[in-house]
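Taking it in order: structure first as structure tokens, then the write-up.
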Amino acid sequence: MSRRFAMARAVAVGLALASSLALPSLAQSGTDGAAPSWKARAMTSVSKAGYAQVNKLKLYYEIHGAGEPLVLLHGGLGLGSMFGELLPALARTRQVIVVDLQGHGRTADIDRPLRYELMADDIAALVKELGFAAVDIMGYSMGGGVALRTAIQHPDIIRRLVVVSAPFRRDGWYPEIVASMQQLSSAAAEQLKPTPMYQAYAAVAPRPERFGMLLDKIGDMARQDYDWSRDVTAIKAPTLLAYGDADAVFSSHAVAFFELLGGGKKDAGWDGAGMSKARLAILPGQTHYNVFMSPLLAATVSPFLDSPLPAK
């Protein structure tokens, strides 16, 4: 693959992410969409917002709604406000803690690499800082990897886990996605600046001029190989896996993930007695770039989060 072609693909991945991030704002900008957008704002009014000092990082968070706590984590190059109608749906019945991860949104970067394991430690420290004994956690794409690592590294604070469009092993992504992500670098910054993705970042980032550094760090993280198979088998928290049927992750990988969690081993029986604590949802007509704000995702996640926890 030529360097020029690789760069074009990397920019294409960034533009695809930009397009996905643009959809919520575009959906709320039309004249005939004015009433729904006001309603959405009312449903997601922020009850608390601020920064938590965790692991030398000033981590930005917002709390929406009231009820049982749910930590919600965005994807790479995104920010906490990217979830469209999913956030209002979740905040109707629970307290949703929306986080801007390291170097994203309102959270300034620090002198350390972007790594799933380090960001998971940040989330665990935030949970403690906010005074919660345990939380449900849900993450999309990069945020799904952070949510998964939080459940692995800090199992005592996680009640339920939701992973959306994220693999447990690097080769769970389609090869062309891996190739594109690992080519992402600051060289693509100028080409991405006209996109809504960059504009959303620049509107709130403490240091917008560091956008290129964020691209470099995401590219560096994408080049790190990982395989969390053994860790996944040790997860005790009830877990929901959700993917689009046209996702950037192999459907076969999603099934393998489900089986590592104990699902798909046998017939559950007429009374469901043989059902595992894991759930798998393949959402029709959804891609990696729109599944995170799909009404189908909200309708799938809410019953899972509302279900009773199994007896220990």
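Under the working numbering, the first residue of the sequence shown is numbered 9, with each subsequent residue one higher.
The beta-carbon is built from N, C-alpha and C at its ideal position, and this holds for glycine as well.
Measuring C-alpha to C-alpha distances from residue 250 to each of 201, 293, 76 identifies 293 as the nearest. Judged by DSSP in its simplified three-state form, residue 101 adopts coil rather than helix or strand. When beta bridges are read from the DSSP output, residue 66 appears opposite 61. Exclusion of the five residues before and after residue 97 leaves 306, 310 as the residues of its chain whose Cβ lies within less than 7 Å of its Cβ. Rounded to the nearest angstrom, the Cβ distance from residue 157 to residue 128 is 4 Å, consistent with a contact under 8 Å. Between the segment 283-290 and the segment 234-251, the count of C-beta pairs closer than 8 Å reaches three or more; the two stretches touch. Residue nearest to residue 121 within the set 263, 225, 266 is 225 (criterion: CA-CA distance). If you draw a straight line from the Cα of residue 106 to the Cα of residue 274, it is about 37 Å long. Taking each of 297, 223, 185 in turn and checking the Cα distance to residue 200, the smallest one comes out for 223.
Residue 109 sits close to residue 150, with the two beta carbons spaced by under 9 Å.
By DSSP's assignment, residue 146 forms a beta bridge with 80, 170.
The C-alpha of residue 241 lies about 11 Å from the C-alpha of residue 176. For residue 262, there is no enclosing beta strand (DSSP E); the enclosing alpha helix (DSSP H) has its first and last residue at 259-268. In the three-state reduction of the DSSP assignment, residue 88 falls in the helix class, which pools H, G and I.
The beta carbon of residue 55 is closer than 6 Å to those of 71 in its chain, skipping five residues each way along the sequence. The DSSP-derived three-state label of residue 182 is coil.
DSSP places residue 188 within a helical segment (H, G or I) once states are collapsed to three. Closest in alpha carbon position to residue 87, among 317, 264, 210, 278, is 210. Secondary structure remark: continuous beta strand (DSSP E) runs of at least 3 residues inside the segment 102-131, in chain order: 102-108. As the crow flies, the alpha-carbon of residue 102 is around 32 Å from that of residue 215.
Taking all protein chains in view, the Cβ of residue 217 is surrounded by fewer than 16 other Cβ atoms within 10 Å, so the residue is classified as exposed.
In the DSSP assignment, residue 223 falls within the alpha helix (DSSP H) that extends over 219-230. Distances from the alpha-carbon of residue 189 to those of 84, 280, 272, 255 put 84 closest. By the neighbour-count criterion, in which a residue is buried when 16 or more other Cβ atoms sit within 10 angstroms of its Cβ, residue 198 is exposed. Membership of residue 239 in the alpha helix (DSSP H) is indicated by the continuous run 237-241. For residue 229, the closest of 236, 192, 81 by C-alpha to C-alpha distance is 192.
Its Cα nearest to that of residue 178, the residue 232 stands out among 295, 232, 144. Nearest C-alpha to residue 58 among 65, 319, 69: 69. By the neighbour-count criterion, in which a residue is buried when 16 or more other Cβ atoms sit within 10 angstroms of its Cβ, residue 278 is exposed. Under the 10 Å beta carbon count, residue 125 is surrounded by fewer than 16 other beta carbons and is classified as exposed.
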